[in-house]
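J.:
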Amino acid sequence: MKKKKILKHIIIAVSVLSAIMAGMFAVMPDKLVYCEQLCKYKLGSFQLKEAREDELDLKTADAESMKISGELMLVNRAHPLPTDYVPALDEYKNSGVIMSAFSVDSYAELSKDISDHTGEKLYVMSSYRDASEQQKIFEAEGSSTAMPALCSEHETGLAQDLYFQSYSGSAINKCSAGRYLTSHAAEHGFILRYPPMSEEVTGVGYEPWHFRYVGAPHAEIITENGLTLEEYIDGLEYGKFYVYGEYIISRQNGNTLTIPDGYRISVSADNCGGHIITAKR
Ligand SMILES: [Zn+2]
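To convert, take the position in the sequence shown, counting from 1, and add 119; that gives my numbering.
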């Protein structure tokens with residue numbers, strides 16, 4: 120009789136322990152991917168494979184005659200926006216949220232991906248701000264937390280401060296949807312703009328809620344290598360052609376651009392006086 124009772128207790132204890140372990144492992148995969156991602160951010164460099172120029176059918180094009188986008192503009196205190204800068208803006212799905220016309224479709228995909236996989240709805244706390252709005256925030260919050268007018272990438276509409284219903288700000292990654300966002304944003308062209316351990320480079324502390332659109336394949340390269348946008352743009356040497364999958368990437372100075380023929384070309388200003396060419400086969 121006594122033996123039976125002990126056995127019953129052992130079975131209950133094992134069942135409870137198994138249930139706890141199963142619960143732990145159920146939440147671990149997304150935590151692991153997310154932690155792995157965050158650990159990649161360190162002050163470092165990266166190397167992209169260079170393309171052989173003799174294998175590219177190169178031709179020249181006048182930048183002024185081309186449609187120039189802005190998703191790779193570097194905007195910070197050292198690289199303020201031009202005073203006459205006018206962003207291309209769009210409204211996200213009649214929501215009243217104004218964001219960059221270059222990122223609105225990709226943002227819709229990111230939002231759908233998150234709700235399909237986690238059941239959580241992604242919300243925008245703050246997206247586009249004009250210079251006077253930015254200046255007001257700067258004056259109210261001070262230079263340690265806010266950028267002065269023309270130095271915030273919110274003025275491009277390419278940056279979004281995101282949140283979930285119960286998790287926002289520095290707590291955003293306490294929910295699995297937040298960790299999903301951090302781990303999958305790059306697949307939709309977005310980067311964690313102010314990663315941990317990068318304040319020395321970006322001038323801004325870790326902001327797990329602030330995501331910035333840079334497009335493909337740049338978001339993937341930046342995220343895979345644990346880079347900041349500063350490190351990535353700085354690492355692209357002027358005049359060189361890099362290969363990444365089906366893409367050729369080249370950062371160039373001046374208004375006469377050299378582009379590979381037979382590719383789908385998009386050109387973004389870098390806000391450092393040059394252009395970044397993204398060519399897709
Ligand atoms: Zn922000």
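Positions of the beta carbon are idealized from the N, C-alpha and C atoms, including for glycine.
Where the beta carbon is closer than 5 Å to any heavy atom of ligand 1, which residues qualify, in chain order?
T.: In chain order, the hits are Asp280, His329.
J.: Go to Tyr366, then tell me how far its beta strand (DSSP E) extends in each direction, as first and last residue.
T.: Looking at the DSSP string, the run of the beta strand (DSSP E) that includes Tyr366 is 366-372.
J.: Could you give the distance in angstroms between the alpha-carbon of His236 and the alpha-carbon of Asp203?
T.: Distance between the alpha carbons of His236 and Asp203: 41 Å.
J.: Nearest-angstrom Cα distance between Glu260 and Ala268?
T.: Straight-line Cα distance between these residues: approximately 13 Å.
J.: Output the distance between the C-alpha atoms of Ile395 and Leu376, rounded to the nearest integer angstrom.
T.: Those two C-alpha atoms are separated by around 10 Å.
J.: For Gly393, which beta-bridge partners are listed by DSSP?
T.: Beta-bridge pairing links Gly393 to Asn372.
J.: Let me know the secondary structure DSSP gives Tyr211 once reduced to three states.
T.: Three-state DSSP puts Tyr211 in coil, outside helix and strand.
J.: Starting from the C-beta of Ala265, find all residues in its chain whose C-beta is less than 6 Å away, skip the five residues before and the five after it, and write them out in chain order.
T.: Cβ within range, chain order: Ile256, Phe257.
J.: If you reduce the DSSP assignment to three classes, tell me which class Val323 lands in.
T.: Val323: coil per DSSP, three-state reduction.
J.: Is Asp203 helix, strand or coil by DSSP?
T.: Asp203: coil per DSSP, three-state reduction.
J.: Find the nearest neighbour of Tyr357 within the set Val323, Ser369, Glu155, judged by alpha-carbon distance.
T.: Considering only alpha carbons, the answer is Ser369.
J.: For Glu272, which option in Lys240, Glu252, Met192 has the closest C-alpha, if you only look at C-alpha atoms?
T.: Here the closest residue by C-alpha is Met192.
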